Structures are given as C-alpha cells and as structure tokens.
Amino acid sequence: MTLAVTGGIGSGKSLVCSMFAARGIPVYDSDLRTRALYDSSPGLLARISSALGTDVSGPDGKADRRKIASAVFPDPSRLALLEAVVHPEVRRDFSLWKAEFDGAGVPFVIIESAIILEKPFFRDVFDKVLVVDAPAELRLKRAMARDKATEEMIRARMAGQRFSDGAEGEIIRMSADYLIENDGDIAELSRKVGEIYDDIIRKTND
Numbered sequence: 129m130t131l132a133v134t135g136g137i138g139s140g141k142s143l144v145c146s147m148f149a150a151r152g153i154p155v156y157d158s159d160l161r162t163r164a165l166y167d168s169s170p171g172l173l174a175r176i177s178s179a180l181g182t183d184v185s186g187p188d189g190k191a192d193r194r195k196i197a198s199a200v201f202p203d204p205s206r207l208a209l210l211e212a213v214v215h216p217e218v219r220r221d222f223s224l225w226k227a228e229f230d231g232a233g234v235p236f237v238i239i240e241s242a243i244i245l246e247k248p249f250f251r252d253v254f255d256k257v258l259v260v261d262a263p264a265e266l267r268l269k270r271a272m273a274r275d276k277a278t279e280e281m282i283r284a285r286m287a288g289q290r291f292s293d294g295a296e297g298e299i300i301r302m303s304a305d306y307l308i309e310n311d312g313d314i315a316e317l318s319r320k321v322g323e324i325y326d327d328i329i330r331k332t333n334d
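Shown next, in the form of structure tokens:
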C-alpha cells in the first residue's frame with residue numbers, strides 16, 4: 129500500500145514523514161528525488177531545455193535550478209511543459225524505488241509530495257492520502273524561520289498552493305483518508321502519527 133503524505137508549506141509534512149520513517153516506513157521524498165533525477169536520468173536535462181526553449185544547465189553541465197525557475201514561473205503554460213517532461217521520469221523512478229521493497233516485509237510505503245493531489249497523472253500511484261495541515265499564520269512563521277525568508281516571499285508561495293483556509297483547502301481536508309492538524313508540540317504530533325500508523329497496520333492485517 130502507498131500512502132501519499134501532502135500538505136502546504138510550513139505544515140510539517142516532512143517532520144511527519146520522518147516520524148513514519150522512524151517506525152520503519154520507507155519514504156519517497158518527491159522533491160529530493162526529482163532534483164536528483166535532473167542530473168542522473170540520461171537525457172532528461174536536454175529534454176527539459178528543449179521543452180522550455182532555453183538551456184537550463186549550469187557551467188558544470190548540471191541542472192541550474194535558478195534557470196529552470198526563471199524559465200517557468202510565473203507562466204503556468206511553461207510549468208506544464210516542464211512537468212510533461214519531468215513527471216513521467218518521477219513516476220518511473222518511484223515505481224522502481226517501490227519495487228525494491230517487494231517481499232521485504234514492509235507494511236506500506238510513503239510518497240511525500242506537496243502537489244500530488246493536483247496532478248491527475250499521479251492519481252493511481254497512491255492508495256490513501258494523509259493531509260498535514262496547520263493554521264495559516266503558524267505555517268507562515270514556520271516557513272519563514274526554516275527558509276530564512278521574508279513574510280512577503282512565503283505568502284507568495286502559500287498563495288500558489290491549494291492548501292489554504294479557503295473552500296478549496298477545506299475540500300482537500302475533508303476528502304483525505306487521514307488528517308493531522310499540526311498545531312501542537314512534537315509529542316502530540318508523534319502521538320497523532322502513531323495513531324495513523326497503528327490504524328494502517330490494523331487495516332492492512334484485516
């Protein structure tokens with residue numbers, strides 16, 4: 129079984145994933161794996177450059193993420209071009225990664241991604257969804273402290289995500305199989321993760 133763990137910036141989804149990992153659950157970090165694929169997947173960088181119509185490699189021949197960002201944002205059509213090239217590679221990489229645990233006695237695996245619910249291409253990759261959320265102001269403070277960024281910068285990033293206090297955010301929370309409100313301390317968060325872990329194990333064994 130694959131559990132998708134998702135949430136907005138500053139929600140604490142990576143911390144939640146680390147708590148699952150401490151319980152022996154493998155975690156596929158989509159952001160880290162994607163960045164690695166830019167330089168490890170044969171021909172991917174060249175295909176990205178071709179799709180975007182500009183060279184996005186740096187002096188060392190590896191991906192220059194600032195060039196990619198400036199070529200894509202804030203034009204949604206160019207972001208779609210990038211995703212059309214990258215997402216099939218990510219999906220293939222995840223499938224290969226997950227296959228490594230076949231027969232290993234792992235009860236389930238996790239794919240961590242902030243955007244997975246927005247992308248129909250990945251809908252059949254996961255079986256259950258865990259949304260990690262927190263009040264907007266708390267997420268703002270966490271992200272500012274973590275990224276050493278200004279309030280304006282973080283609010284701009286938050287505005288571009290579907291996880292908000294509005295109607296769309298509420299729909300996402302209500303449709304999730306599991307929801308963690310990460311508005312307490314570490315001990316409380318660990319307890320909530322443990323409850324979800326136990327529930328999944330119980331249902332897997334039924």
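If you read the sequence shown in our numbering, its first letter stands for residue 129, the second for the next number, and so on.
Ideal Cβ placement from N, Cα and C applies to all residues, glycine included.
Predicted model, so just to flag it, every value in this text is computed and none were measured.
In the three-state DSSP reduction, Ser223 falls in the helix class (H, G or I). Burial check for Ser146: the Cβ neighbour count within 10 Å stays below 16, so the residue is exposed. Ranked by Cα distance from Pro263, the first of Leu131, Ala132, Gly138 is Gly138.
Under the 8 Å Cβ criterion, the region 302-322 counts as touching the region 243-262, having at least three qualifying pairs. Of all alpha-carbon atoms in Lys190, Ala150, Gly152, the one lying nearest the alpha-carbon of Ser168 is that of Lys190. The region 185-201 and the region 216-232 do not touch, with fewer than three beta-carbon pairs separated by less than 8 Å. Counting every other CB atom within 10 Å of its CB across the protein chains shown gives Thr278 a total below 16, marking it as exposed.
Within the region 191-267, the runs of alpha helix (DSSP H) at least 4 residues long that lie entirely inside it are, in chain order, 193-200, 204-227. In this chain, the alpha helix (DSSP H) harbouring Thr332 covers 314-333. For Thr162, the secondary structure class from DSSP, reduced to helix, strand or coil, is helix. Exposure of Arg151 is indicated by the presence of fewer than 16 other C-beta atoms within 10 angstroms of its C-beta.
Judged by beta-carbon spacing, Ile238 lies within the 9 Å limit of Pro154, meaning their Cβ atoms are closer than that value. Contact between Leu268 and Met286 holds: CB atoms are separated by about 7 Å, below the 8 Å threshold.
According to DSSP, residue pairing for Ile308 in a beta bridge involves Val260.
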